[in-house]
Amino acid sequence: MSIEQLKSAMPDYAKDTKLNIGAVLSQPMLSAKQTWGTALACALASRNATVIKAIGAEAAAHLDATETAAAKTAASLMAMNNIYYRFVHLSSTPDFATMRAGLRMNGIANHGTDPLTFELISLAVSAINGCGRCIESHEHEVYQKGATKEQVQAVVKIASVIHAVAATLEGAEALGDTPAA
157 MSIEQLKSAM PDYAKDTKLN IGAVLSQPML SAKQTWGTAL ACALASRNAT VIKAIGAEAA
217 AHLDATETAA AKTAASLMAM NNIYYRFVHL SSTPDFATMR AGLRMNGIAN HGTDPLTFEL
277 ISLAVSAING CGRCIESHEH EVYQKGATKE QVQAVVKIAS VIHAVAATLE GAEALGDTPA
337 A
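Going by this note's numbering, the sequence shown opens with residue 157, and the numbers climb by one from there.
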């Protein structure tokens, strides 16, 4: 499945989301590997097989094997870290913030792509997963590595639109909605 086929699968009531897909995947402040690494990791975080296949197919034209693996690593690590650190952040027990997590996270240091790209991807996935502590941490890291506010906004826009596509397609399928011909 391609991005165009993904757009065609969107119901009429999701016209804005459909139009936003192309816009967020062609933002000049991001490199191709930042855009497509973020898109792939966000598709994985959104957990919709149709979206994962479409984004994965398109990303393959823009990412090498190492960059693809880095995006997958970011999605996997954030799936774990965002839950753990969101709990630590929201818990009324302050002791959790001082306790060692004890979770293996070697992929954060050994991902194979440039550090800025990996952090931008991790930030976008953290936005999908709603972890304020991780958003704060990755936002700090991307700025330390030279990112602009426009780049941060760009990856979060990718996250928001890909998540909206996944949610819309799942809802449309459950309701039996069909796209316009």
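All residues carry an ideal CB built from backbone N, CA and C; glycine is no exception.
Taking just the CA atoms, how far does residue j sit from residue i?
| i | j | result |
| --- | --- | --- |
| residue 302 | residue 272 | 8 Å |
| residue 314 | residue 195 | 6 Å |
| residue 245 | residue 288 | 8 Å |
| residue 211 | residue 299 | 27 Å |
| residue 190 | residue 253 | 31 Å |
| residue 200 | residue 230 | 10 Å |
| residue 228 | residue 206 | 17 Å |
| residue 264 | residue 331 | 39 Å |
| residue 167 | residue 327 | 10 Å |
| residue 97 | residue 208 | There is no way to answer for residue 97, as the model of the chain reaches only from 157 to 337. |
| residue 185 | residue 179 | 12 Å |
Can you tell me the Cβ-Cβ gap for residue i and residue j, rounded? I've got them flagged as a contact below 8 Å.
| i | j | result |
| --- | --- | --- |
| residue 325 | residue 165 | 6 Å |
| residue 322 | residue 204 | 4 Å |
| residue 226 | residue 267 | 4 Å |
| residue 176 | residue 317 | 5 Å |
| residue 163 | residue 174 | 5 Å |
| residue 121 | residue 280 | Any answer about residue 121 is impossible in this case: the structure gives the chain only from 157 up to 337. |
Which class does residue i belong to by DSSP, given the choice of helix, strand or coil?
| i | result |
| --- | --- |
| residue 332 | coil |
| residue 202 | helix |
| residue 215 | helix |
| residue 339 | Because the chain spans 157 through 337 in this model, residue 339 falls outside it and cannot be assessed. |
| residue 183 | coil |
Whole alpha helix (DSSP H) elements within the stretch 217 to 247, 4-residue minimum: 221 to 246
Going along the chain, which unbroken runs of the alpha helix (DSSP H) with 4 or more residues stay wholly within the stretch 256 to 327? 271 to 285 and 288 to 300
Sufficient close CB pairs (3 or more, under 8 Å) joining the stretch 276 to 290 to the stretch 226 to 246: yes
Below 8 Å, how does it come out for the stretch 269 to 285 and the stretch 173 to 191: are there three or more Cβ pairs, yes or no? yes
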